[in-house]
Amino acid sequence: MRLLKSLEELLYELVSWLVFYPLTFWRALTRPLSMMRYADDELGDRPEDQYDDTISPPLFLLITLLLSQAVSAAFPTMGSTAEAAALTQSLSNLLIARGVIFGVFPMVMAVTLILHKRLVLTRSTLRPPFFSQCYVAGPFVFLLGLTVDFLMIPDGRGIPYAAVLGLAALAWYGQAEIRWFRRDLGIGAGKAVALFALALLIALVTALAVTIAFAYLLPRWNR
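Throughout the sequence shown, residue numbering follows this note's numbering, covering 6 to 228 in sequence.
Dropping the structure here:
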């Protein structure tokens, strides 16, 4: 009976995603600051009452990465090396790689906020801004994933689409983050833009380093 009850709860949870994931994505896309504030407020509720009308932030980001991975599989790609083939031969490996690479963006933004608030960096202080950032990172990493997919189309046919998507993703993400820094840190627009640019640069360099590390290590782990 306990097993059946667990399966029942699992089935309900999975099916409920069909309703709450699109709602969460739409709200994150159209009202990013409101969703970030909502994420902070929900952490103050009892665990069973948290995120009752949405998908929880880390789970939202994970589902978005799963969808991005599914979309990527439908794109034609340039001839891959043996290392790239080894990286993508396992769906779990690819999901782990995407999760760590794209998870760098909300983590760097959250750490930046904590440091500029002059708070002690602990798991407790990092949790609220990281959860907030997972909501705004979802649409961004989905568009960023599509940008990479278009860039990988043979003969450069996807470059124009990649440029449009990349600029749109950056513009949307930038305005959300700049407004977030201004609100939470009480700083001016110029300083918020500079802070976002620095954090984004750190996130991009870190994500690139992690990507190279995965491309180097995972083929050896799969041997």
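We treat Cβ as the ideally placed atom computed from N, Cα and C, and that holds for glycine.
Would you identify the three-state DSSP class for residue i, choosing helix, strand or coil?
i, result
"M157", "coil"
"T69", "helix"
"L206", "helix"
"A90", "Bear in mind that a pLDDT of 49 at A90, under 50, signals an unreliable position, so the number given afterwards is only what the model happens to contain. The answer is helix: DSSP assigns A90 an H, G or I state."
"R123", "coil"
"A167", "helix"
"A79", "coil"
"S61", "coil"
"Q74", "helix"
"Q138", "helix"
"Q180", "helix"
Measure how close the beta-carbons of residue i and residue j come, nearest whole angstrom, since I'm counting them as under 8 Å.
i, j, result
"F30", "G143", "6 Å"
"A167", "F155", "4 Å"
"L148", "L170", "6 Å"
"L204", "T117", "Here the sequence assigns Ala to residue 204, which means Leu is not the residue at that position. Correct: roughly 4 Å between the Cβ atoms."
"F219", "A78", "So it is not a contact: roughly 18 Å between Cβ atoms."
"V113", "A208", "4 Å"
So the candidates are the options; which of them puts its Cα closest to the Cα of residue i?
i, options, result
"C139", "L9, L8, Y43, K10", "Y43"
"L72", "P52, D57, G49, L100", "L100"
"A214", "V105, G49, S21", "V105"
"A212", "M114, A194, G108", "G108"
"P111", "P63, L8, K122", "P63"
"F80", "A174, F136, D54, V153", "V153"
"A115", "A218, V20, M41", "M41"
"F145", "L66, P27, L28, D50", "L66"
"A33", "G163, E182, R162, M6", "E182"
"D45", "Y17, V113, V141", "V141"
"A174", "I158, G150, V210", "G150"
Starting from the C-beta of residue i, find all residues in its chain whose C-beta is less than 6 Å away, skip the five residues before and the five after it, and write them out in chain order.
i, result
"L15", "none"
"L190", "H121"
"A76", "A small fix is needed here, since residue 76 is Val in this sequence, not Ala. Same-chain partners within the cutoff: there are none."
"L200", "F186"
"F136", "A44, P62"
Can you give me the Cβ contacts of residue i inside the same chain, cut-off strictly under 8 Å, excluding the 5 residues immediately before and after it?
i, result
"V119", "Per the sequence shown, residue 119 should be read as Ile rather than Val. For I119, where only same-chain residues beyond five positions count, the Cβ hits under 8 Å are L126, T130, L131, P134."
"I60", "W22, F25, Y26, T29, I68"
"R188", "L38"
Give every residue of the same chain whose Cβ lies closer than 7 Å to the Cβ of residue i, excluding the five residues on either side of it in the sequence, and list them in chain order.
i, result
"A90", "Residue confidence is low: A90 scores 49 on pLDDT, short of 50, so the model does not pin down where it sits. Its coordinate-derived value is still stated next. Counting only Cβ-Cβ distances below 7 Å, and skipping sequence neighbours, we find nothing."
"Y56", "E47"
"R184", "L38"
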